Structures are given as C-alpha cells and as structure tokens.
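Residues in the sequence shown are numbered from 1 upward in steps of one, following full-length UniProt numbering. Glycine included, C-beta positions come from ideal geometry on N, C-alpha and C. This structure is a prediction, so every number in the text was calculated from the model and none was measured.
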Amino acid sequence: MDDLDPTFIQAPEHRSDSNFIPNQPEEIPVIDLSRLGDPEDVQNVISEIGDACEKWGFFQVINHGVPCDARERVEETVKTFFDLPMEEKIKVKRDEVNPVGYHDGEHTKNVRDWKEVFDVYFKDPMVIPSSADPEDEGLRVVCNKWPQFPSGFREACEEYATHAEKLALKLLELISLSLGLPKKRFHDYFKEQMSFFRINHYPPCPRPDLALGVGHHKDADVISLLAQDEVGGLQVSRRSDGVWFPIRPVPNALVINIGNCMEIWTNDKYWSAEHRVVVNTTRERYSIPFFLLPSHDVEVKPFEELVSSQNPPRYKGYKWGKFYVSRNKSDFRKLEVQNIQIDDFKVVT
1 MDDLDPTFIQ APEHRSDSNF IPNQPEEIPV IDLSRLGDPE DVQNVISEIG
51 DACEKWGFFQ VINHGVPCDA RERVEETVKT FFDLPMEEKI KVKRDEVNPV
101 GYHDGEHTKN VRDWKEVFDV YFKDPMVIPS SADPEDEGLR VVCNKWPQFP
151 SGFREACEEY ATHAEKLALK LLELISLSLG LPKKRFHDYF KEQMSFFRIN
201 HYPPCPRPDL ALGVGHHKDA DVISLLAQDE VGGLQVSRRS DGVWFPIRPV
251 PNALVINIGN CMEIWTNDKY WSAEHRVVVN TTRERYSIPF FLLPSHDVEV
301 KPFEELVSSQ NPPRYKGYKW GKFYVSRNKS DFRKLEVQNI QIDDFKVVT
C-alpha cells in the first residue's frame, strides 16, 4: 500500500473534508451499563438507548462486561499477524468461495478501502445460501481459516467473540424494551446466526485527503459492536442534517451502531447511520467490529407491532441469507453497478 492506486480515490463529494465541520461540541451518547444494576435507573438506560438509536443510530457503552484482557489479547495477536510478510498472510486469504480469513482488496461503494482485514465467523462451520438466486434453495458449509502463526490467534479470537456476542444479545433485549416490545422479541432470529467479527488494520496513508479507510456506508446487520483504539478516525453522519461527526475514542468503551435489519424491523423508527473511516499519514489504526447477523432463512420486514394504518410498512421483506450473499460480491472487485441496498426494498408510495 505504499503508492496510492487510482482505485482508492474517492469522489470529491465523499472525501474526508466533505460535509465535515471540525471542533463540534455535540457527540454521540456514552451510556454506562453498570447502571442496569440499579432498579431505579434501568428504565432511564433503556430510554437513553432508544433515544440514541432514533437520533444517531450510534452510541458508546462503558462497563459493558466484555473483559479488557480478552480484547487486549486479540489486539496483540492480530498486530503480530498483520506485521507478517504478505506471502504468509495470503496463506489464509479469503475468496468468493470461502469469504473469511485475510483480505486486502475490499471495496465500499465500488471504491477500494485503505485497509486490510481478517474475518472470522462466530459459528464454525457456518451454513449460508449457495447463491443469491431466489429460486436456488441450496446451502453450503463454510469454515473459518486460521493462520498457523501467531500461536494463540484462534483462541484469542474465539474468546473475544463469545463475550461480544453475549453483549450483543443483551443490547438487543434493551433495544426491544425501548420499543415497548417483549425483552426476547428478537431472539428467535438468531438460532443459526450468521454473525462474524473482523479485525481492521488501517496503515498510514500518503493521501488521506483522497482515500478513506472505509468509504461511506451503512451496516447491513442488526447491530454492530466496535472496539476502536486511541487513534480514532471513525465518523458518523448525523440523521438530522447529514453532517459528519467524529466518534471520540473512550478508553475501554465499545461503539454500538444500528444496522439495516433493525432499521427495517422498526419501520425506520431507529436509524442505520452512514459512517466512514478517515486515515492519516503517520499512525496505523486497529479496530475490532462484531456484526450480529440473523439466521440465513430469516425474512427481514417491518414488525407487525410497529406498523399501522397511520404508519404503514415502508419496506418489502427479503431473505437475509440471499441479501448477504448478493452483497458479498462487491468485496472482491469493483462492480459496474452498485450492489444491492435496503433502499431497493422500500415501498413506493
């Protein structure tokens, strides 16, 4: 990544200085989950989460229960991996047949990201649809790829993912309660979940004014949990006006954001916000997102409890697994057209 290949160059309207106003005092909420231990404060926490999901689609949590040492083990281990020579890293390189492992050519909105990643499925092995064809009912089994070095890579990743998944399901219960729904309203959608977690490495970039670590996008999942280091670079687009805000690194916090599935389930009440990652010329950055995904056979559509004659469904339903397989096509090459988006399922009124 020493030279800036033209495939990394963002359109002017999507570069790091676009619609970004520095030194803004407003920030996404930081919510202390230890307050859930106080019966008199539980409802306040639930309300704060709901407000954050509606206004921003993002918030941070502290005292969340994911052990700091588990996160640190992953960070230390993956730094060793990413420092390996390329000939070692590509031994576990992912491809269109098995979309987990190492990758350094991901595209977002058909522009290459300035990063390298390592992806791990939470369930190993995992079952996904054979193709994006709606008529094809075939399934296939995919397995994680694990490097031989550094030792302890798999153990560190699996330990962290177990803690992250537990927190994700806990947050899902709080989000459900914030909507006035039963605590476990979402649980049946994750019996054969397709969740995965990723380690992102953003090297220093010679032209951060032209390239992005990740271009503007919305997550397709239910909710995402992100551990980011102290370097920073994550930005979110505010729902009310589209202005970009930095997400300040908070020690030991996790950044939580709402994905497309939740936006559709809530019929647009909760917001799947666009976000991006800016890079710099001097410091590398690491982050670890966990993406909570439903089972492949789940149909994503607005909840009946949240629609009415005054608030009719704003989306047609779609099968999660088929959507996932279709979206993955753009991870490996630039497409001539934009890949499938949730807006493709909006009901025309």
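Rounded Cβ spacing between residue i and residue j (contact assumed at less than 8 Å)
| i | j | result |
| --- | --- | --- |
| Pro294 | Gln193 | 6 Å |
| Lys145 | Asn200 | Wrong, their Cβ atoms sit about 17 Å apart, outside the cutoff. |
| Ile288 | Phe58 | Not confirmed; about 17 Å, so no contact. |
| Gly321 | Pro129 | 4 Å |
| Leu210 | Gln10 | 6 Å |
| Trp56 | Arg327 | That pair is no contact at about 24 Å. |
Beta carbon of residue i nearer than 7 Å to that of residue j
| i | j | result |
| --- | --- | --- |
| Gly317 | Glu299 | yes |
| Val142 | Arg198 | no |
| Ile258 | Ser272 | yes |
| Val277 | Gly242 | no |
| Ala52 | Pro29 | yes |
| Asn260 | Lys319 | no |
| Glu284 | Pro203 | yes |
| Val214 | Met262 | no |
| Val231 | Ile247 | no |
| Arg185 | Ser176 | yes |
| His14 | His216 | yes |
| Trp244 | Phe20 | yes |
| His64 | Leu33 | yes |
| Glu159 | Ala70 | yes |
| Arg73 | Ala161 | no |
| Pro147 | Val78 | no |
Spatial distance of residue i from residue j (CA atoms)
| i | j | result |
| --- | --- | --- |
| Glu48 | Ile31 | 8 Å |
| Pro39 | Val45 | 10 Å |
| Val279 | Ile62 | 25 Å |
| Val97 | Gly105 | 16 Å |
| Val311 | Asp268 | Just to set this straight, residue 311 is Asn in the shown sequence, not Val. If you take the alpha carbons of Asn311 and Asp268, they lie about 10 Å apart. |
| Leu335 | Val42 | Note that Leu335 scores 48 on pLDDT, short of 50, meaning its location in the model is unreliable; the coordinates nonetheless yield the value given after this. Straight-line Cα distance between these residues: approximately 47 Å. |
| Cys205 | Asp343 | 32 Å |
| His296 | Asn23 | 42 Å |
| Met1 | Asp113 | Here the model assigns Met1 a pLDDT of 47, short of 50, so the residue's position is not dependable and the matter cannot be decided. |
| Val325 | Ser18 | 31 Å |
| Phe332 | Val100 | Caution applies to Phe332, whose pLDDT of 47 falls short of 50 and renders its modelled position unreliable; the value that the coordinates give is listed next. When rounded, the distance between both Cα atoms is 12 Å. |
| Ser16 | Leu84 | 30 Å |
| Ser195 | Glu54 | 24 Å |
| Tyr102 | Tyr315 | 35 Å |
| Asp188 | Ser131 | 24 Å |
| Glu165 | Lys123 | 11 Å |
| Ala253 | Ser224 | 13 Å |
| Leu226 | Lys109 | 21 Å |
| Met126 | Asp95 | 16 Å |
| Leu212 | Phe81 | 23 Å |
| Glu76 | Ser308 | 50 Å |
| Phe8 | Val111 | 6 Å |
| Glu27 | Gln60 | 10 Å |
| Val66 | Leu167 | 7 Å |
| Cys68 | Glu87 | 32 Å |
| His163 | Pro150 | 22 Å |
| Tyr270 | Leu139 | 32 Å |
| Phe290 | Gly180 | 26 Å |
| Lys183 | Leu169 | 10 Å |
Those residues which DSSP pairs with residue i across a bridge
| i | result |
| --- | --- |
| Met126 | Val142 |
| Lys93 | Tyr102 |
| Tyr121 | Phe196 |
| Asp32 | Ile62 |
| Gln228 | Ser287 |
| Arg314 | None, per the DSSP bridge assignment. |
| Ser295 | Gln193 |
| Leu210 | According to DSSP, which records beta bridges pairwise, Leu210 is partnered with nothing at all. |
| Ile21 | Ile21 is not bridged to any residue. |
| Ile223 | Ile258 and Leu292 |
Span of the alpha helix (DSSP H) around residue i
| i | result |
| --- | --- |
| Gly321 | Trp320 to Arg327 |
| Leu174 | Phe153 to Ser178 |
| Arg73 | Cys68 to Phe82 |
| Ile46 | Val42 to Lys55 |
Start and end residues, beta strand (DSSP E) containing residue i
| i | result |
| --- | --- |
| Ala273 | From DSSP, Ala273 is part of no beta strand (DSSP E); its letter is neither H nor E. |
| Asn260 | Not the beta strand (DSSP E): Asn260 falls in the alpha helix (DSSP H), residues Asn260 to Trp265. |
| His217 | Val214 to His217 |
| Gln235 | Leu234 to Ser237 |
| Trp244 | Trp244 to Pro246 |
Proximity test, residue i beta-carbon vs the ligand ZN heavy atom, cut-off 6 Å
| i | result |
| --- | --- |
| Ile28 | For the ligand ZN, the structure offers nothing, since it holds no ligand at all. |
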